[in-house]
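Enquirer:
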Amino acid sequence: MHEEKLRELENWLKDYWRSFAGDDAEAGRNYALKELHTTKVRDNIRLLAESTGLSGDRLALAEIIGLLHDVGRFEQYRRHRTFYDSKSENHAALGVRVIRESRLLEGLTNEEADIILQAVGLHNVFRIPASVSGTHRLYLNLIRDADKLDIWRVFVDQSLLPDTEQASAANLDFPDLPECSAGVLECIGRREMVNLSLLRTVNDFRLLQLSWVFDLHFPVSFKLARERGDLARLGAMLPFSPEVERSLRTVWEFLGSRCS
Ligand SMILES: [Fe+2]
Numbered sequence: 004m005h006e007e008k009l010r011e012l013e014n015w016l017k018d019y020w021r022s023f024a025g026d027d028a029e030a031g032r033n034y035a036l037k038e039l040h041t042t043k044v045r046d047n048i049r050l051l052a053e054s055t056g057l058s059g060d061r062l063a064l065a066e067i068i069g070l071l072h073d074v075g076r077f078e079q080y081r082r083h084r085t086f087y088d089s090k091s092e093n094h095a096a097l098g099v100r101v102i103r104e105s106r107l108l109e110g111l112t113n114e115e116a117d118i119i120l121q122a123v124g125l126h127n128v129f130r131i132p133a134s135v136s137g138t139h140r141l142y143l144n145l146i147r148d149a150d151k152l153d154i155w156r157v158f159v160d161q162s163l164l165p166d167t168e169q170a171s172a173a174n175l176d177f178p179d180l181p182e183c184s185a186g187v188l189e190c191i192g193r194r195e196m197v198n199l200s201l202l203r204t205v206n207d208f209r210l211l212q213l214s215w216v217f218d219l220h221f222p223v224s225f226k227l228a229r230e231r232g233d234l235a236r237l238g239a240m241l242p243f244s245p246e247v248e249r250s251l252r253t254v255w256e257f258l259g260s261r262c263s
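Read in order, the letters of the sequence shown correspond to residues 4 to 263 in my numbering.
(1) Using a threshold of 8 Å, is the CB atom of Ala95 nearer than that to any non-hydrogen atom of ligand 1?
(2) With DSSP run on the structure shown, which of helix, strand or coil describes Asp18?
(3) According to the Cβ coordinates, are Leu234 and Leu258 closer than 9 Å?
(4) With distances taken from CA atoms, which of Leu120, Arg140, Ser244 is nearest Val74?
(5) Indicate the three-state DSSP secondary structure (helix, strand or coil) for Val197 in the structure shown.
(6) Classify Cys183 as buried or exposed, calling it buried when 16 or more other Cβ atoms lie within 10 Å of its own Cβ.
(7) Is there at least one non-hydrogen atom of ligand 1 closer than 8 Å to the beta-carbon of Arg83?
(8) Quick check: the Cα distance between Gly232 and His72, rounded to an integer number of angstroms?
(9) Does DSSP classify Arg61 as helix, strand or coil?
(10) In terms of alpha-carbon separation, which member of Ile131, Thr204, Leu202 lies closest to His220?
(11) Restricting to Cα atoms, I'd like to know which of Leu163, Gly31, Arg249 is closest to Arg81.
(12) Closest to Ser224 by CA distance: which of Arg147, Ala239, Thr112 is it?
(13) Round the Cβ separation of Ala149 and Leu51 to the nearest angstrom and send it over; I've been treating them as touching at under 8 Å.
(14) Less than 9 Å separating the beta-carbons of Ala96 and Leu108?
(15) Count the CB pairs spanning the region 236-250 and the region 153-165 that are closer than 8 Å, and state whether there are at least three.
(16) Can you tell me whether Cys262 is buried or exposed? The criterion is at least 16 other CB atoms within 10 Å of its CB, across all chains shown.
(17) What residue from Asn14, Asn93, Arg156, Lys17 has the CA that sits closest to Glu230's CA?
(18) Could you give the distance in angstroms between the alpha-carbon of Arg1 and the alpha-carbon of Asn144?
(19) Taking 9 Å as the cut-off, decide whether the C-beta atoms of Ile68 and Ala122 are in contact.
(20) In this structure, does DSSP put Gln79 in helix, strand or coil?
(21) Measure the alpha-carbon distance for Asp218 versus Arg194 and round it to whole angstroms.
(22) Taking DSSP as the reference, what is the three-state secondary structure of Gln161?
(23) Give the DSSP-derived three-state secondary structure of Thr55 in the structure shown.
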């Protein structure tokens, strides 16, 4: 039954994305980045959800979350010309608002609507509140892993493009300086996720993304993170120093231990 809802939401999204088409070329590149990201995250969450044994409507629910998780990005960029939440507004909360105002969840049960709204609303929080449990937590973990797996791809792909073709908001405007901040490297040494507030440079942002391996939940996520190679490419973009090498070793060892 939710297959139908999925089709309906796919069509709605296409129209919604089209409504942003009139903006300038730079905006167009940033919207295109989020459109492709949405499609890939939907594919990722399907893979992960299947690996946990979800099927039928429960699987379609995961795909709906994948499709809607970043729906707030478009309005965020149009209003603020950035994807940096703390310099604009929380795109997850904005997404929840768009979903509600557009009445996208009609026809689903209250529980399903709750699961979707919570997964979208919390997909970007640093730490999941302890109060989120059971099925709600499962779907939230699924979207967070699926999202991370594709953000690695986005970031590597963008870095390989000439400046003029990059989506300007992808780097969150950090200066491309050679340094890595000590606080960021120390966080990785403790096998902890790096907080955005510690970042000063693009290299710090690369390290932050590498530290996301410490927050993956599903065996298939670790496997895909290693197989796809985006993390290795991300690591190769960092400047050489003993501290950076140590951080990279920590990340690879952690990933390896979860894949074996
Ligand atoms: Fe997001």
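We put the CB at the ideal spot given by N, CA and C, even for glycine. Bear in mind that the values here come from a model prediction, so they are computed numbers and not experimental data.
Expert: Short version:
(1) Shortest gap from the CB of Ala95 to any heavy atom of ligand 1: under 8 Å.
(2) When DSSP states are grouped into helix, strand and coil, Asp18 belongs to the helix group.
(3) It is a contact, given that the beta carbons lie within the stated cut-off.
(4) If we check each option's Cα against that of Val74, Leu120 comes out closest.
(5) Here Val197 sits in coil by DSSP.
(6) It counts as buried.
(7) One detail in the question is off: residue 83 reads as His in this sequence, not Arg. Outside the cutoff, so no.
(8) Here the C-alpha atom of Gly232 lies approximately 24 Å from the C-alpha atom of His72.
(9) Here Arg61 sits in helix by DSSP.
(10) Proximity to His220 across Ile131, Thr204, Leu202 peaks at Ile131, based on C-alpha coordinates.
(11) For the residues Leu163, Gly31, Arg249, the minimum Cα distance to Arg81 belongs to Gly31.
(12) If we check each option's Cα against that of Ser224, Arg147 comes out closest.
(13) With a Cβ gap of about 6 Å, Ala149 and Leu51 count as contacting.
(14) Cβ distance not < 9 Å, so Ala96 and Leu108 don't count as in contact.
(15) They touch, by the three-pair rule.
(16) Exposed: under 16 other Cβ atoms inside 10 Å.
(17) Comparing Cα-Cα distances from Glu230 to each of Asn14, Asn93, Arg156, Lys17, the minimum goes to Arg156.
(18) Since the displayed the chain opens at 4 and closes at 263, residue 1 lies outside it and no answer follows.
(19) With respect to the 9 Å criterion, Ile68 and Ala122 are classified as neighbours on the basis of their beta carbons.
(20) The three-state reading of DSSP puts Gln79 in helix, counting H, G and I together.
(21) For Asp218 and Arg194, the distance between alpha carbons rounds to 10 Å.
(22) In the structure shown, Gln161 falls within a helical segment according to DSSP collapsed to helix, strand and coil.
(23) Three-state DSSP puts Thr55 in coil, outside helix and strand.
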